[in-house]
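Peer 1: Below: one structure in structure tokens.
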Ligand code: COA
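Structure follows, in structure tokens:
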């Protein structure tokens, strides 16, 4: 598939999706969000993709937010449509059955912080900065920020960041559990690959069921405990379970087939 605003590269099963509008600090316009959605849909189907990294082009920004110039004159109806589309794409990122890490290489503001939060894990470079500055524009976050930020860092700190528009640095984001690791910028992608390589050595169906069941904890319409019982059972009917258990008993490394 050809894209205008993103780059994709599959490196040994790890697909890196790079938001590529560096002159606009990778701000998310509608086209870019649609392309992220298309890339994730394609990655889900593509058996050669085992894991994903989402990052931004250049050394300054991951994503500096939604493209303000695009929505500056929107009506309420247009804004709701924009938000609903973003929600659909970000939910698809969160529900991706393959592990997704946001490699946050600079500013992650507004929609950028929201997209990072939709990923399963986050690794930040030392220069990364996080914030939800929407209130400065007379807005609230529109791509899940009011929901995912309290999930990740707790209600009180989320309230503070959302209402104050404060920007925090990578160390503070680490302290608040917003990111898993902080590393020098030139080690950012390597750190993400290191984490994903470990995960890719595990049984893929079990990994996708971890994503599925952990997500259920945050979904008010699902009983995560019941889902765990069901999906634990499902794992027993996979060839990968047979292989994993046999390999353990035979004291060898398992060779999983995702079956
Ligand atoms: N939407 C549209 N364009 C954006 C953008 C956004 N969210 N963020 C940055 N840009 C553009 C700037 O307009 C500028 O474009 P120009 O060169 O055509 O004028 C370019 O990216 C570079 O940004 P600039 O502001 O000059 O860089 P800076 O280093 O001085 O400041 C930021 C960096 C991130 C602090 C600043 O760009 C900013 O505050 N951006 C908006 C953040 C925001 O409010 N996001 C939430 C949106 S809901």
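Residue numbers (our numbering): 42 to 300. Glycine included, C-beta positions come from ideal geometry on N, C-alpha and C.
For the pair the region 45-65 and the region 95-113, tell me if three or more CB-CB distances fall below 8 Å.
Peer 2: Touching, per the Cβ criterion.
Peer 1: From residue 236 to residue 121, what distance separates their C-alpha atoms?
Peer 2: Residue 236 and residue 121: Cα-Cα distance of roughly 36 Å.
Peer 1: Residues in the same chain with beta-carbon distance under 7 Å from residue 160, minus the five sequence neighbours each way, listed in chain order, please.
Peer 2: Excluding positions up to five away in sequence, the list reads 95, 134, 141, 142 and 143.
Peer 1: If you reduce the DSSP assignment to three classes, tell me which class residue 210 lands in.
Peer 2: Of the three classes helix, strand and coil, the one that applies to residue 210 here is strand, per DSSP.
Peer 1: Nearer than 7 Å: is that true of the beta carbon of residue 66 relative to any heavy atom of the ligand COA?
Peer 2: Yes - the ligand COA has a heavy atom lying nearer than 7 Å to the Cβ of residue 66.
Peer 1: Using CA coordinates, which residue listed in 78, 177 and 92 is at the minimum distance from residue 162?
Peer 2: If we check each option's Cα against that of residue 162, 92 comes out closest.
Peer 1: What does the alpha-carbon distance come out to for the pair residue 169 and residue 201?
Peer 2: When rounded, the distance between both Cα atoms is 19 Å.
Peer 1: Tell me, to the nearest whole angstrom, how far the beta carbon of residue 183 is from that of residue 150; I am working on the premise that it is less than 8 Å.
Peer 2: Actually they are not in contact, since the Cβ atoms of residue 183 and residue 150 sit about 13 Å apart, beyond 8 Å.
Peer 1: Less than 7 Å between the CB of residue 180 and some heavy atom of the ligand COA, yes or no?
Peer 2: True, at least one ligand heavy atom lies under 7 Å from that Cβ.
Peer 1: For residue 136, which beta-bridge partners are listed by DSSP?
Peer 2: Residue 136 is not bridged to any residue.
Peer 1: Can you tell me where the alpha helix (DSSP H) with residue 253 in it begins and where it stops?
Peer 2: Unbroken alpha helix (DSSP H) run through residue 253: 245-258.
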